[in-house]
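Chemist: One structure is given below, represented as structure tokens, and several questions about it will come after.
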Amino acid sequence: NESKYNNIIIVTPKILHCDFEKSISNASIKIFHNITTKYCVLHYKRSLEVQKNKLCYNEVENNHKIYLLYKAITNFPFINPEYIFDIYNHIKIIYLYKYDIQYWNYYNDINHITNNASESFNNYLKKLFYKKPSLYELIYHLKREESLSYNNYKRKIEGVWKKKKNINKN
516 NESKYNNIII VTPKILHCDF EKSISNASIK IFHNITTKYC VLHYKRSLEV
566 QKNKLCYNEV ENNHKIYLLY KAITNFPFIN PEYIFDIYNH IKIIYLYKYD
616 IQYWNYYNDI NHITNNASES FNNYLKKLFY KKPSLYELIY HLKREESLSY
666 NNYKRKIEGV WKKKKNINKN
């Protein structure tokens, strides 16, 4: 099956947007040494919520001051990192120490704060394949999709917004 597809493939991604998962970022750095990893802010907030519910739900929900601190922590991705360490030391957030701040802080780089595009494309791929493809088959289809999207982009730049309809001869 591999012989059908070009197996001389070099992949060098520059940026990885992923869930708030340390294992994903660790694996990506081992494979792609110069990659910039950014965690999804929505997954960051969800992860904090799960930790809150597991460790101290009642304390947070029943104490307004603690609740306000929790809400402040959920907005850390948008705060200057220099100020975050002061807050860290003040309230001792042990959970976040495990995660490198450059992966989840967007203070100076607010281009993409979620991985919605990746999640959407992943959903598209699931619909494209009825079973998991081999790596080479996946890359073949990704190249085809890239070509189709480039052609679609070119058509739109030229002012053609609708795809040409196929004419089926009966």
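Taking this note's numbering, the leading residue of the sequence shown gets 516, the next gets one more, and so forth. C-beta: ideal position from N, C-alpha, C; glycine also. Keep in mind it's a predicted model, so treat the numbers as computed, not measured.
Please name the residue, chosen from Ile-530, Ile-525 and Leu-657, that lies closest to Asn-626 on a Cα-to-Cα basis.
Modeler: Numbered from 1 along the sequence shown, position 111 holds the residue referred to as residue 626. Closest by alpha carbon: Ile-530.
Chemist: Buried or exposed: where does Ser-664 fall if 16 or more other Cβ atoms within 10 Å of its Cβ makes it buried?
Modeler: Your numbering for residue 664 matches position 149 in the sequence shown. Exposed.
Chemist: Where does Lys-553 fall in DSSP's three states?
Modeler: Counting from 1 along the sequence shown, the entry for residue 553 is found at position 38. The answer is strand: DSSP assigns Lys-553 an E or B state.
Chemist: Tell me which residue opens and which closes the beta strand (DSSP E) that Ile-530 is part of.
Modeler: Translated into the one-based positions of the sequence shown, residue 530 becomes position 15. That run of the beta strand (DSSP E) goes 530-533.
Chemist: Between the Cα of Ser-540 and those of Gln-617, Pro-596 and Tyr-585, spot the shortest distance and give me the residue it belongs to.
Modeler: Taking the first residue of the sequence shown as position 1, residue 540 is located at position 25. Nearest option by C-alpha distance: Gln-617.
Chemist: Between which two residues does the alpha helix (DSSP H) carrying Phe-644 extend?
Modeler: One-based indexing of the sequence shown puts residue 644 at position 129. Per DSSP, Phe-644 belongs to no alpha helix (DSSP H) and is neither H nor E.
Chemist: Which term fits His-532, buried or exposed, when burial requires 16 or more other beta carbons within 10 angstroms of its beta carbon?
Modeler: Here residue 532 corresponds to residue number 17 of the sequence shown, with the count starting at 1. Under this definition His-532 is a buried residue.
Chemist: Answer with buried or exposed for Trp-676, where buried requires no fewer than 16 other C-beta atoms within 10 angstroms of its C-beta.
Modeler: Position 161 of the sequence shown, counted from the first residue, corresponds to residue 676. So Trp-676 counts as exposed.
Chemist: Mind checking Cys-555: buried by the 16 CB within 10 Å criterion, or exposed?
Modeler: On the sequence shown, residue 555 is found 40 positions in, with the first residue counted as 1. Per the 10 Å Cβ criterion, buried.
Chemist: Sort Lys-567, Ile-546 and Leu-653 by Cα distance to Pro-695 and report the nearest one.
Modeler: In the structure as shown, the chain starts at 516 and stops at 685, and residue 695 therefore has no counterpart that could be examined.
Chemist: So is Phe-636 buried or exposed if we call it buried at 16+ other beta carbons inside 10 Å?
Modeler: Indexing the sequence shown from 1 puts residue 636 at position 121. Burial call: exposed.
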